[in-house]
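Below is the structure:
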């Protein structure tokens, strides 16, 4: 895992686009292809803060993740938490436990920040991803409506990692 530099924003966006196309082909409406301008702006804003990372394997980019340290309005309760957003593994790399390794890495970063909880979400209709997060030991907190979409919320205590 390496922090993204401004010159790699195109790599992040291309990866997100590949994942969005894969999800859309599976009938999952979580992300848009190509990533909309607000996603591009958010990634560009978060890169200088050191919150966007690329996962590399054998010299190739295989995933990306963005960490956040602020609770946004869709989370119903306060916690000493780090938030995992834009977690994506390239479709060609599925089944290699890269997502699991990225979550473990994120847990370590969150712990280093003195946080006890890791939180993440997905579109509520993405049952496969919900099952994946549950299988990784995340507790399902419920479904909330935010920005016109229903989101499934999950959290895991870092000590469990």
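In my numbering, the protein residues as written are 10 to 170.
Don't be surprised by glycine CBs; every beta carbon is placed ideally from N, CA and C.
Being a predicted model, the structure only gives us computed values, none of them experimental.
Select from 84, 119, 71 the residue whose C-alpha is nearest the C-alpha of residue 105.
Position 96 of the chain shown, counted from the start, is the residue given in the question as residue 105. For residue 105, the closest of 84, 119, 71 by C-alpha to C-alpha distance is 71.
Cutting at 8 Å between CB atoms, please list the residues of its own chain near residue 89, excluding the five before and the five after it.
To locate residue 89, count along the chain shown from 1; it is residue 80. Result list for residue 89: 123, 124, 125, 126, in chain order.
Quick one: what does DSSP say residue 121 is sitting in, helix, strand or coil?
The residue given as residue 121 occupies position 112 in the chain shown. Residue 121 falls in the helix class under three-state DSSP.
Mapping the DSSP letters down to three states, classify residue 37 as helix, strand or coil.
The residue labelled residue 37 in the question sits at position 28 within the chain shown. In this structure, residue 37 counts as coil in the three-state DSSP scheme.
Measure the alpha-carbon distance for residue 213 versus residue 65 and round it to whole angstroms.
Any property of residue 213 remains undetermined from this structure, which presents the chain solely from 10 to 170.
Considering only the alpha carbon of each residue, which of 15, 22, 14, 16 lies closest to residue 98?
Reading the chain shown from its first residue, position 89 is the one you call residue 98. Selected option, being the one with the closest Cα: 22.
Could you tell me if residue 164 is buried or exposed, where buried requires 16 or more neighbouring beta carbons within 10 angstroms of its beta carbon?
Numbered from 1 along the chain shown, position 155 holds the residue referred to as residue 164. Looking at its Cβ environment, which holds 16 or more other Cβ atoms inside 10 Å, residue 164 is buried.
Taking residue 11 as the reference, give the member of 56, 134, 142, 30 with the closest Cα.
Here residue 11 refers to the residue found at position 2 of the chain shown. Measuring from the Cα of residue 11, the nearest candidate turns out to be 56.
Can you name, in chain order, every residue of its own chain whose Cβ lies under 7 Å from the Cβ of residue 77, other than the five neighbours on each side?
Numbered from its first residue, the chain shown carries residue 77 at position 68. 60, 92, 94, listed in sequence order.
Which residue marks the beginning of the alpha helix (DSSP H) containing residue 144, and which one marks its end?
Position 135 of the chain shown holds residue 144. Residue 144 -> alpha helix (DSSP H) spans 136 to 144.
By the three-class DSSP mapping on this structure, what secondary structure does residue 13 have?
Stepping through the chain shown from its first residue, residue 13 is reached at position 4. In this structure, residue 13 counts as coil in the three-state DSSP scheme.
Please state whether the Cβ-Cβ distance between residue 96 and residue 115 is less than 9 Å.
Position 87 of the chain shown, counting from 1, holds the residue named residue 96. Position 106 of the chain shown, counting from 1, holds the residue named residue 115. Yes. Within cutoff.
According to DSSP, is residue 49 helix, strand or coil?
Here residue 49 corresponds to residue number 40 of the chain shown, with the count starting at 1. Helix at residue 49.
Could you tell me if the beta carbon of residue 80 falls within a distance shorter than 8 Å of some heavy atom in the ligand PLP?
Within the structure as shown, the ligand PLP is missing, as the structure has no ligands at all.
Closer than 6 Å by C-beta to residue 128: which residues in its own chain qualify, once you throw out the five before and the five after it? Chain order, please.
Stepping through the chain shown from its first residue, residue 128 is reached at position 119. 90, 92, 164.
If we ignore side chains and look at the alpha-carbon of each, how far apart do residue 52 and residue 42 end up?
The residue you call residue 52 lines up with position 43 of the chain shown. The residue you call residue 42 lines up with position 33 of the chain shown. Those two C-alpha atoms are separated by around 15 Å.
Output the distance between the C-alpha atoms of residue 49 and residue 62, rounded to the nearest integer angstrom.
Translated into the one-based positions of the chain shown, residue 49 becomes position 40. Translated into the one-based positions of the chain shown, residue 62 becomes position 53. So the two alpha carbons sit approximately 15 Å from each other.
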